[in-house]
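Below is one structure, written out as structure tokens; the observations come after it.
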Amino acid sequence: MNRTSLVLGGGGPVGASWTATLLTELISTGVPLAEAQEVLGTSAGAVVGSWLTMSPEGLTEVPGRMRERAAWHARAAQAGQGDRTLLRRMAATQGKDPQAVGRAALAAMPPITAEQAEKSWQAALPEGPWPGRLGVVAVDANTGTARRWTAHDGIPLPVAVACSTAAPGAAPPVAVGASVWVDGGVRSGTNADLLAGDAPGRVLVVAPLRSPALAREEAILTGHGHDVRLVVSDRVITGPADALDANLIDAALAAGTKQAAELAGELARWWRS
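Encoded structure:
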């Protein structure tokens, strides 16, 4: 069982900051996560996954860029854009009716074009070609179907990240081709079960948000022969609004550092086994 996969879940700017710090500290203590053969990112996890696969030394830049993103969300909320109640609805019904949540997202904010999406995310991501081992999950707003975007799909990585981070009511959906896309978290916080059909291996799931779906997805992966480990944040994010709150980023950094120190030894042995 030599294949290694890393699943990075959603959690807004705060969750991205926690994940980036956790990974930075684990890597610095000898857990070679940057060598993962496959990285699957949902929402905030798509942002961190981009840095991990393209510029792992740049993971330390993620919290600063996420402060800027949190400020963008705050300005949009103050301007009355969107409908933040949809974030609570997404959290409460996650995976149960993604089509309904996706259509509500379309009603709350008009879609932006792929060109606008690329411009909005380009500065927050590392430069370079989309790595072949990175997958980014978004949900078709009209059908509720998840898609794992890869470099083979022919769209720029910033566009895929914009699709994956288009949180209902908080960020605009993105029109790509004949479809309109919203946050991959509409289906699942991690979408880890999308790896079930891949060759069996070790799968590390990093989740900024606690969810009942984690146990179900772990069971699905295990049932398909994968060896799974879960790492969930120390309750830095207790509600949907917390994920966008810049005031919680420092706490996220502290939690990521602490948890990495606690887990490094065990994860290093398991990852190399």
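In our numbering, the protein residues as written are 111 to 383.
Note that CB positions come from ideal geometry on N, CA and C, so glycine has one too.
The structure presented is a predicted model; accordingly, all values stated were derived computationally and were not measured.
Asked	Found
Just verifying my parser: in three-state terms, what is the DSSP assignment at Thr-170?	helix
Excluding the 5 residues preceding and the 5 following Gln-369 in the sequence, name in chain order all residues of the same chain whose CB lies nearer than 8 Å to its CB.	Leu-132, Val-341, Ser-343 and Asp-344
Taking the alpha-carbon of Ala-126 as reference, which of Leu-373, Arg-379 and Asp-355 has the nearest alpha-carbon?	Asp-355
Quick one: Cα of Gly-140 to Cα of Ala-374, how far?	8 Å
Taking DSSP's pairing of strands, which residues face Val-342 in a bridge?	Ala-317
Less than 8 Å between the beta carbons of Gly-151 and Pro-318, yes or no?	no
Do the segment 303-311 and the segment 269-279 meet, that is, are 3 or more Cβ pairs less than 8 Å apart?	no
Quick check on Gly-264: buried or exposed, where buried means 16 or more other Cβ atoms within 10 Å of its Cβ?	exposed
Looking only at its own chain, which residues have a Cβ that is under 6 Å from the Cβ of Ala-227, when we skip the five neighbours before and after it?	Val-269, Ala-272 and Val-284
List the endpoints of the continuous beta strand (DSSP E) containing Arg-258.	256-259
Let me check understanding here. Comparing Cα to Cα, which of Asp-207, Arg-243, Val-313 and Ala-351 lies closest to Thr-114?	Val-313
Since Arg-297 and Ala-256 should fall inside the 8 Å C-beta cutoff, what is the C-beta to C-beta distance between them, to a whole number of angstroms?	5 Å
Excluding the 5 residues flanking Trp-381 on each side, which residues of the same chain have their C-beta closer than 8 Å to its C-beta?	Thr-114, Val-141, Pro-142, Leu-143, Arg-312 and Leu-314
Would Ala-233 be called buried (16 or more neighbouring beta carbons within 10 Å of its own) or exposed?	exposed
Consult DSSP for Arg-177 and reduce its assignment to one of helix, strand or coil.	helix
Just the Cα atoms here: how many angstroms apart are Leu-321 and Val-292?	The amino acid at residue 321 is misidentified as Leu; the sequence shows Ser. Those two C-alpha atoms are separated by around 19 Å.
Less than 7 Å separating the Cβ of Thr-152 from some heavy atom of the ligand PLP?	Here there are no bound small molecules, and the ligand PLP is not part of this structure.
Along the alpha helix (DSSP H) that carries Ala-217, what are the first and last residues, could you check?	208-218
Counting only the same chain and skipping the five closest in sequence on each side, list residues whose C-beta sits under 6 Å from that of Val-117.	Leu-150, Thr-300, Ala-302 and Val-315
Going by beta-carbon coordinates alone, are Gly-168 and Pro-241 separated by less than 8 Å?	no
Does the distance from the CB of Met-392 to the CB of Ile-359 come in under 8 Å?	Outside the shown range of the chain (111 to 383) lies residue 392, about which nothing can therefore be said.
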